[in-house]
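**Q** Here's a structure for you.
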Amino acid sequence: MPRTRPAPIVLSVGGSLLRSGDPARDGAYFAALATLLGRVGRQRPLVVTTGGGQTAREYIGLGRRLGLTEVELDELGIEVTRLHARLLAARLGPPTPAHPPASVREVVAALAHASPVILGGTEPGHTTDGVAALVAARLRAEAVVNATDVDGIYSADPRHRPAARRFDRLDWEQLRAMVVRDTSGGAGQHFPFDRLGVETLDRAGIPLRVVDGRDLVNLGRALRGERFAGTNVTGRAR
Numbered sequence: 002m003p004r005t006r007p008a009p010i011v012l013s014v015g016g017s018l019l020r021s022g023d024p025a026r027d028g029a030y031f032a033a034l035a036t037l038l039g040r041v042g043r044q045r046p047l048v049v050t051t052g053g054g055q056t057a058r059e060y061i062g063l064g065r066r067l068g069l070t071e072v073e074l075d076e077l078g079i080e081v082t083r084l085h086a087r088l089l090a091a092r093l094g095p096p097t098p099a100h101p102p103a104s105v106r107e108v109v110a111a112l113a114h115a116s117p118v119i120l121g122g123t124e125p126g127h128t129t130d131g132v133a134a135l136v137a138a139r140l141r142a143e144a145v146v147n148a149t150d151v152d153g154i155y156s157a158d159p160r161h162r163p164a165a166r167r168f169d170r171l172d173w174e175q176l177r178a179m180v181v182r183d184t185s186g187g188a189g190q191h192f193p194f195d196r197l198g199v200e201t202l203d204r205a206g207i208p209l210r211v212v213d214g215r216d217l218v219n220l221g222r223a224l225r226g227e228r229f230a231g232t233n234v235t236g237r238a239r
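If you want my numbering, it's the 1-based position in the sequence shown plus 1.
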């Protein structure tokens with residue numbers, strides 16, 4: 002009997018992890034992350050979206066001062082996310098496509114013969130978290146893993162509120178309320194997961210695992226569906 006192919010996994014890597022401002026540190030992280038993704042991608046279908054981080058926010062801030070529209074600002078940010086995707090894809094090498102897919106349809110086509118597949122943003126109004134969720138829904142993925150610069154979702158930003166509490170589990174209603182409270186939907190915002198992603202994963206019944214992406218051992222556990230340190234978001238909190 003032929004082996005059943007494992008369900009795909011989708012990873013959204015925050016841009017703050019990819020560009021810290023220290024070239025040596027960033028190069029080492031890209032290399033180590035690529036090694037992990039290559040290993041996981043050989044075991045199961047894997048799609049990775051890369052965020053724009055501070056670099057994208059700087060361009061968006063400059064564009065806003067120049068009077069660009071929100072759509073044009075989103076497009077600036079998308080270009081930065083695609084640069085990050087190209088760097089990571091180049092480090093991985095074939096069969097990962099060197100040029101990031103520009104749509105969910107292109108991702109599905111590429112994943113038929115390559116894993117991992119790396120991409121940035123796709124269109125204005127969609128963050129790379131949102132893109133990851135849309136890809137996951139289309140692929141009927143096992144889960145979306147969100148690798149960020151904190152070790153889960155907190156009641157407040159732990160970098161400014163040391164007493165903030167980390168949630169081990171949340172349901173979609175709880176996360177939705179947090180996202181609505183903390184964001185307005187403008188270009189360049191920084192938040193745990195975006196509105197489009199929350200709504201998409203909730204409707205599709207796909208869980209979200211939020212982890213500190215700097216801890217590659219723990220990230221690997223989350224990608225493989227093993228016990229991990231972070232926040233697990235599902236349909237019902239326990």
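Glycine residues also receive a C-beta, built at the ideal position from the N, C-alpha and C atoms. These figures come from a predicted structure and were not determined experimentally.
(1) What does residue 168 pair with, by DSSP beta-bridge criteria?
(2) How would you call residue 114, buried or exposed, if buried means at least 16 neighbouring beta carbons within 10 angstroms?
(3) For a quick check, are the C-beta atoms of residue 46 and residue 135 less than 9 angstroms apart?
(4) Ignore the nearest five residues each way along the sequence and tell me which others in residue 211's own chain have a CB closer than 6 angstroms to its CB.
(5) Just mark residue 54 as buried or exposed, buried being the case when its beta carbon has 16 or more other beta carbons within 10 Å.
(6) Once you ignore the five residues that flank residue 7 on each side, which residues in its own chain have a CB closer than 8 angstroms to its CB?
(7) On the DSSP bridge list, what partners appear for residue 210?
(8) Taking a contact to mean a Cβ-Cβ separation below 9 angstroms, would you say residue 132 touches residue 13 in this structure?
(9) Going by C-alpha distance, which of 234, 57 and 116 is nearest residue 77?
(10) Using the DSSP secondary-structure output, state which residues sit across from residue 36 in a beta bridge.
(11) For residue 156, count neighbouring Cβ atoms within 10 angstroms of its own Cβ and tell me buried if that reaches 16, exposed if not.
(12) Going by CA-CA distance only, name the one from 60, 83, 84 and 85 that's closest to residue 240.
(13) Return the CA-CA distance between residue 215 and residue 165, expressed in angstroms with no decimal places.
(14) Identify which residue in 196, 10 and 27 has its Cα closest to the Cα of residue 88.
(15) Just the Cα atoms here: how many angstroms apart are residue 158 and residue 150?
(16) Measuring only the C-alpha atoms, how far is residue 96 from residue 19?
(17) Taking the beta strand (DSSP E) that residue 12 falls in, what are its first and last residues?
(18) Given a cut-off of 9 angstroms on the beta-carbon distance, is the pair residue 48 and residue 93 in contact?
(19) Please classify residue 189: is it buried, with 16 or more other beta-carbons within 10 angstroms of its beta-carbon, or exposed?
**A** Considering the structure as presented:
(1) DSSP lists 154 as the bridge partner or partners of residue 168.
(2) Taking every protein chain shown into account, the CB of residue 114 has fewer than 16 other CB atoms within 10 angstroms, so this residue is exposed.
(3) For residue 46 and residue 135, no; Cβs fall outside 9 angstroms.
(4) Only residues of its own chain outside the window of five on either side were considered, and among them 147, 153, 154, 231 and 232 have a CB closer than 6 angstroms to the CB of residue 211, listed in chain order.
(5) It is buried - the Cβ of residue 54 has at least 16 other Cβ atoms within 10 Å.
(6) Apart from the 5 residues on each side of it in sequence, residue 7 sits with its Cβ closer than 8 angstroms to the Cβ of 44, 45, 46 and 143 in its chain, given in chain order.
(7) Its beta-bridge partners are 146 and 233.
(8) Yes; because the gap between Cβ atoms is below 9 angstroms, this pair is in contact.
(9) Comparing Cα-Cα distances from residue 77 to each of 234, 57 and 116, the minimum goes to 57.
(10) Partner(s): none; residue 36 has no beta bridge.
(11) Here residue 156 is exposed, its C-beta having fewer than 16 other C-beta atoms within 10 Å.
(12) Because the chain spans 2 through 239 in this model, residue 240 falls outside it and cannot be assessed.
(13) In a straight line, the C-alpha of residue 215 is about 20 angstroms away from that of residue 165.
(14) When C-alpha distances from residue 88 are compared across 196, 10 and 27, the shortest belongs to 27.
(15) Each residue's alpha carbon lies about 11 angstroms from the other.
(16) Their backbone Cα atoms lie some 22 angstroms apart in a straight line.
(17) It spans 10 to 14 - the beta strand (DSSP E) in which residue 12 sits, taken as one unbroken run.
(18) At the C-beta level, residue 48 and residue 93 stay beyond 9 angstroms of one another.
(19) Its pLDDT being 43, under 50, residue 189 is placed unreliably in this model, and the value from its coordinates should be taken loosely. It is buried - the Cβ of residue 189 has at least 16 other Cβ atoms within 10 Å.
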